[in-house]
Amino acid sequence: MNGEMSVIVRTITRFVYGLIVVFGFYVIMHGHLTPGGGFQGGAVVATAFALLIVAFGAAGLKGKLNDHLLQSLEEVGALAFLVLGFIGIGTAFFYNIIANSGAVFGSPTPIGPNPGFLNTGGTLPWMNWAVGLKVMTGLASVVLVMLVGAREEEET
Amino acid sequence: MNPLSFHAPVLLIAIPLLGAFAVPLIGRLGAHLRRIFTGLIALLTTACAGLVAATVFSAGTPITYVLGGRLTLPSGMNFPIRIILEVDGMSTFMVILTALILVTAVFYSFSYWRRRSGGTMYDSLLFLLGAGIFGMELTGDMFNFFVFLEITSIAACGLIGFRVWQGRSQEAAFKTMALYTLSGLFVLLAIGLLYGKYDGLNIAYLAAHIGSGLVDRIALGLLLVALAMKAGVVPMHMWAPDAYGEAPAPISAVLVANSQASLYGLFRVLFTLYGLAISVTTLGWIMIVLALLTIFIGVTMALIQSDIKRLIAYGAVSQIGYMLLGVGVGLATSAGQPDYGLVAMQGGIFHMINDAACVGLLFLAAGVIIRAAGTRNLNMMGGLAHDMRWTAMFFMIGALALAGIPPFNGFASKLMIYESTFRYSPILAVIAILGSILLLAVFLKVFQAAFLGPRTISPIERPSRLMLASMGVLALVVIAFGLFPGFFVHTIVGPAAKALWLGRDAYIGAVMGG
Chain A
1 MNGEMSVIVR TITRFVYGLI VVFGFYVIMH GHLTPGGGFQ GGAVVATAFA
51 LLIVAFGAAG LKGKLNDHLL QSLEEVGALA FLVLGFIGIG TAFFYNIIAN
101 SGAVFGSPTP IGPNPGFLNT GGTLPWMNWA VGLKVMTGLA SVVLVMLVGA
151 REEEET
Chain B
157 MNPLSFHAPV LLIAIPLLGA FAVPLIGRLG AHLRRIFTGL IALLTTACAG
207 LVAATVFSAG TPITYVLGGR LTLPSGMNFP IRIILEVDGM STFMVILTAL
257 ILVTAVFYSF SYWRRRSGGT MYDSLLFLLG AGIFGMELTG DMFNFFVFLE
307 ITSIAACGLI GFRVWQGRSQ EAAFKTMALY TLSGLFVLLA IGLLYGKYDG
357 LNIAYLAAHI GSGLVDRIAL GLLLVALAMK AGVVPMHMWA PDAYGEAPAP
407 ISAVLVANSQ ASLYGLFRVL FTLYGLAISV TTLGWIMIVL ALLTIFIGVT
457 MALIQSDIKR LIAYGAVSQI GYMLLGVGVG LATSAGQPDY GLVAMQGGIF
507 HMINDAACVG LLFLAAGVII RAAGTRNLNM MGGLAHDMRW TAMFFMIGAL
557 ALAGIPPFNG FASKLMIYES TFRYSPILAV IAILGSILLL AVFLKVFQAA
607 FLGPRTISPI ERPSRLMLAS MGVLALVVIA FGLFPGFFVH TIVGPAAKAL
657 WLGRDAYIGA VMGG
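Chains as they are written, first to last, in the numbering used here: chain A, 1 to 156; chain B, 157 to 670.
As structure tokens, this is what we get:
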């Protein structure tokens, strides 16, 4: 059976995992406007990875989702967060230098009641993406490691 | 103020964090490059610590740093916003202590882990632990204090259980994790209570408003227990011998600095957050009783150990008692402020850096001894001094300093504690001296068992030059602090004691104004 689950589970997984990933990215993307943010969105995306790992087995995903890649991306996410802190150091660490600068996520925030504009927030959305990347890859590698450990215990 | 000094407090947290996150990526490029990078980060961190010290000591008043915005404190608002770092004499003293231990541990680890796997994760966790300790010492915000406390807990437990192939280190890591989590939750609950009552998390803001109501007392009790637990004070010390004993040798040294950061948190809460809002005599006596228990039980437990690391670990626990004793007498007398109270404070605080240096030296030497003898059991060692003269000398220096023998640093700080506590109540000094005498007996036993006698075993693994150099740096510190105590008390200990004892208004004023 080499770690795969039944065809029903695998088919459903193929349908829903894309939806889960999209929803997770939505939560990260709108972190500065709606409830949620990098951590929550990253955790949602990680559940999609967990679903894939459980349905197809760690062996079935070999080459597509490996430990080294996930851990490297996790470090990149953490470093990106820190770099976003450092770019404001002309004023103060974590200073929001991108806000109102015209760059991506940098358009001016209108004052008064409004539905919320995606292209605002400065470094905050960027930080959400950095945290999101770290959390999704970190949690996925945790699930991967735990699953491999559990399999090894079953076999012995 | 030049920009580098201005940003030094935050760089001191950000640079070890950068190291922790970048080491795994750089580790992929090769072990050699990783070592260069690790050494560079350690040296940069030390440079930042020096910069912070120079800035604070030349300013003479607490300096503040506001993260994420253009804001000059005091801002004139009656409510501090944003995350604020606040560095006074005591924080600076702790930063110097931590930087000294961290940089020695990093360089010692180069040789210690050279032929073993997992060096990347080890370096990463070590820097994370360092960043957490620096954060606890620099922050001016209760909630950030909790966050950094948790960072140190997680990193420390990862490092204690780092040798995953040993069952005992797993057990020690689990035990420590359970107790660290408990103390973290206590701290969080206390912060929640204070936040509910005063709508603020900034330490200076809370200190300006704090009263002596029921909520404040409950919060104080929770903070006192939690931080004493994390510092390894005696009724809550059961994790400490396991953690110090099972962790890799350089980590044991850093764990001592971590415990002292919790002790710093305790002092900060008692002196700065509460100050005279509560009965200082009662709290001072609670601390004194805990201190005497810690000294006595720590030393007597050390006496019966035959495992070298556990023995030093109990010795380290007993030393926490001396710091608590000095500062406890200082707290009990902080209402009347007699001269001997300040001397007791200085003695207690001076003993923190002395203990970190000589216990650190002993743990590093124990790491060499265990590698050489292939066992931790003192009954199976002997005659190591024939082949390892330098290690024997460093161990002797550390042991004599810890027992308070002149001309080493332990003597200088313990004498200050004995003299001042004698003025407060003679029995305190008697118990403290008794503890030191017993400790001397303990370490003579260790020295005799490990180093003296005929050459029974030949060393399996000799210490490298880098390991000897790291121990040499700590030994030099031990001797320098012992030979010139007046200079060091004047330059680094004095401002720290003054900041805690008399500096509450200055600490509040730096953020709140007036």
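C-beta: ideal position from N, C-alpha, C; glycine also.
Since this is a predicted model, take the numbers as computed values, not measurements.
Point to revise | Check whether residue 179 (chain B) and residue 279 (chain B) have beta carbons under 8 angstroms apart | key: yes
Check your understanding: In its own chain, which residues sit with a C-beta less than 7 angstroms from the C-beta of residue 299 (chain B), not counting the 5 before and 5 after it?
Key -> 347, 357
Point to revise | Short Cβ contact (8 angstroms threshold) for residue 475 (chain B) with residue 645 (chain B) | key: no
Check your understanding: Distance, Cα to Cα, residue 561 (chain B) vs residue 477 (chain B)?
Key -> Using only the alpha carbons, I get a separation of about 18 angstroms.
Point to revise | 8 angstroms Cβ cut-off: residues of chain B touching residue 91 (chain A) | key: Chain B residues near residue 91 (chain A): 225, 226.
Check your understanding: Between residue 96 (chain A) and chain B, is there a C-beta pair that is closer than 8 angstroms?
Key -> yes
Exercise for review: Kindly indicate if chain A contains any beta-carbon less than 8 angstroms away from that of residue 177 (chain B).
Suggested key: Chain A contact via Cβ: present.
**Study point:** Neighbouring residues, chain B, relative to residue 85 (chain A) (Cβ below 8 angstroms)
**Key:** 170
Check your understanding: How many Å lie between residue 341 (chain B) and residue 284 (chain B) at the Cα?
Key -> Cα-Cα distance, rounded: 20 angstroms.
Review point. Distance, Cα to Cα, residue 54 (chain A) vs residue 28 (chain A)?
Key: 24 angstroms
Point to revise | 8 angstroms Cβ cut-off: residues of chain A touching residue 222 (chain B) | key: 92
Check your understanding: Which stretch, first to last residue, makes up the beta strand (DSSP E) that contains residue 430 (chain B)?
Key -> It is not in any beta strand (DSSP E) - residue 430 (chain B) carries neither H nor E in the DSSP assignment.
**Study point:** Contact set between residue 71 (chain A) and chain B, taken where Cβ atoms lie within less than 9 angstroms
**Key:** 180
**Study point:** Residues that residue 463 (chain B) bridges to, as DSSP identifies them
**Key:** B:533
Exercise for review: Could you spell out where the beta strand (DSSP E) holding residue 426 (chain B) opens and where it closes?
Suggested key: Annotation for residue 426 (chain B): no beta strand (DSSP E) segment contains it, and DSSP assigns it neither H nor E.
**Study point:** Close Cβ partners of residue 106 (chain A) (< 7 angstroms) along its chain, the five nearest in sequence each way excluded
**Key:** 98, 99, 100, 122
Point to revise | Where residue 221 (chain B) falls: helix, strand or coil (DSSP) | key: strand
Review point. What are the partner residues of residue 667 (chain B), as DSSP defines its beta bridges?
Key: Per DSSP, none; premise fails for residue 667 (chain B).
Check your understanding: Looking only at DSSP bridge pairs, what is residue 242 (chain B) linked to?
Key -> B:220
**Study point:** Residue range of the unbroken alpha helix (DSSP H) whose run includes residue 68 (chain A)
**Key:** 67–86
Review point. Considering only the beta carbon of each residue, do residue 237 (chain B) and residue 223 (chain B) sit closer than 8 angstroms?
Key: no
Review point. Going along chain B, which residues have a C-beta under 7 angstroms from residue 82 (chain A)?
Key: 170, 173, 174, 177
**Study point:** Partner residues on chain B for residue 75 (chain A), Cβ-Cβ distance less than 8 angstroms
**Key:** Chain order gives the chain B residues near residue 75 (chain A) as 177, 178, 180, 181, where near means a beta carbon separation below 8 angstroms.
**Study point:** Simplified DSSP state of residue 358 (chain B), which is helix, strand or coil
**Key:** strand
Review point. So what does DSSP say about residue 201 (chain B), is it helix, strand or coil?
Key: Look at residue 201 (chain B) here: in three-state DSSP terms it is helix.
**Study point:** Whole-angstrom distance between residue 423 (chain B) and residue 445 (chain B), CA atom to CA atom
**Key:** 16 angstroms
Check your understanding: For residue 297 (chain B), which residues does DSSP report across the bridge?
Key -> B:358
Practice item. To the nearest angstrom, report how far apart residue 14 (chain A) and residue 8 (chain A) are at their CA atoms. Key: Their backbone Cα atoms lie some 10 angstroms apart in a straight line.
Exercise for review: Classify residue 493 (chain B) as helix, strand or coil using the three-state DSSP reduction.
Suggested key: coil
Point to revise | Nearest-angstrom Cα separation, counted from residue 252 (chain B) out to residue 131 (chain A) | key: A straight line joining the alpha-carbon of residue 131 (chain A) with that of residue 252 (chain B) spans about 32 angstroms.
Exercise for review: Under the assumption that residue 258 (chain B) contacts residue 198 (chain B) (Cβ atoms under 8 angstroms), give the Cβ distance between them as a whole number of angstroms.
Suggested key: Residue 258 (chain B) to residue 198 (chain B), Cβ: 7 angstroms. Contact.
**Study point:** Integer Cβ distance of residue 606 (chain B) from residue 537 (chain B), believed to fall under 8 angstroms
**Key:** 5 angstroms
Practice item. Give the interface partners of residue 78 (chain A) over in chain B, defined as CB-CB distance under 7 angstroms, in chain order. Key: Within 7 angstroms Cβ-Cβ: 177.
Check your understanding: Looking at the C-beta of residue 166 (chain B), does it have a partner C-beta in chain A at a distance below 8 angstroms?
Key -> yes
Practice item. Identify whether residue 367 (chain B) lies in helix, strand or coil by the three-state DSSP scheme. Key: coil
Check your understanding: In terms of residues, what are the limits of the alpha helix (DSSP H) holding residue 626 (chain B)?
Key -> 621–639
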